[in-house]
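A short write-up of the structure that comes next.
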Amino acid sequence: MLTVASRLDVMNRLGRAMADPSRSRILLALLDAPGYPAELSRDLDLTRSNVSNHLTCLRGCGLVVATPEGRRTRYEIADPHLTVGLRHMLEAVVAVDKGVPCTDEKCECCA
1 MLTVASRLDV MNRLGRAMAD PSRSRILLAL LDAPGYPAEL SRDLDLTRSN
51 VSNHLTCLRG CGLVVATPEG RRTRYEIADP HLTVGLRHML EAVVAVDKGV
101 PCTDEKCECC A
């Protein structure tokens, strides 16, 4: 059973992972099927080193797992519950009050 502390850790890991647009795009690509860095790089128009760095972060957050396959490595979402949860989040309606600016001056979502 998850404790409050472990639930908070999960939320922080998800937040960190999804805070970066490139990591979010990688997670979205991996929702449909496992992927390989070279293919993700090509499909998402990112450099291979950029994809590799983001995949390392996503692995560190515990959101994706890597499986060596000869000279390649396959990446996929670490847990089916996470896949379902991300799909549910994508279906959520987010209420944005256009008249209230974001309090985070570094925020790009409201621009």
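To convert, note that position 54 of the sequence shown is 54 in UniProt numbering; the numbers rise steadily by one, no gaps.
Cβ atoms here follow ideal geometry from the backbone N, Cα and C, with glycine treated the same way.
Q) Under the three-state reduction of DSSP, which class applies to T67: helix, strand or coil? A) Here T67 sits in strand by DSSP.
Q | Residues that G35 bridges to, as DSSP identifies them | A | Paired residues: Y75.
Q: Output yes or no for whether 8 Å exceeds the beta carbon distance between L40 and A33.
A: It is not a contact, given that the beta carbons lie outside the stated cut-off.
Q | Where P101 falls: helix, strand or coil (DSSP) | A | Here P101 sits in coil by DSSP.
Q: Thinking R8 and T83 are a contact (beta carbons under 8 Å), I'd like their distance in whole angstroms, please.
A: Note that residue 8 is Leu in the sequence shown here, rather than Arg. No, L8 and T83 are not in contact; Cβ-Cβ is about 22 Å, not under 8 Å.
Q. Helix, strand or coil for A92 per DSSP?
A. It is coil, neither helix nor strand.
**Q.** Whether A78 touches V93 by CB criterion (8 Å)
**A.** Contact: no.
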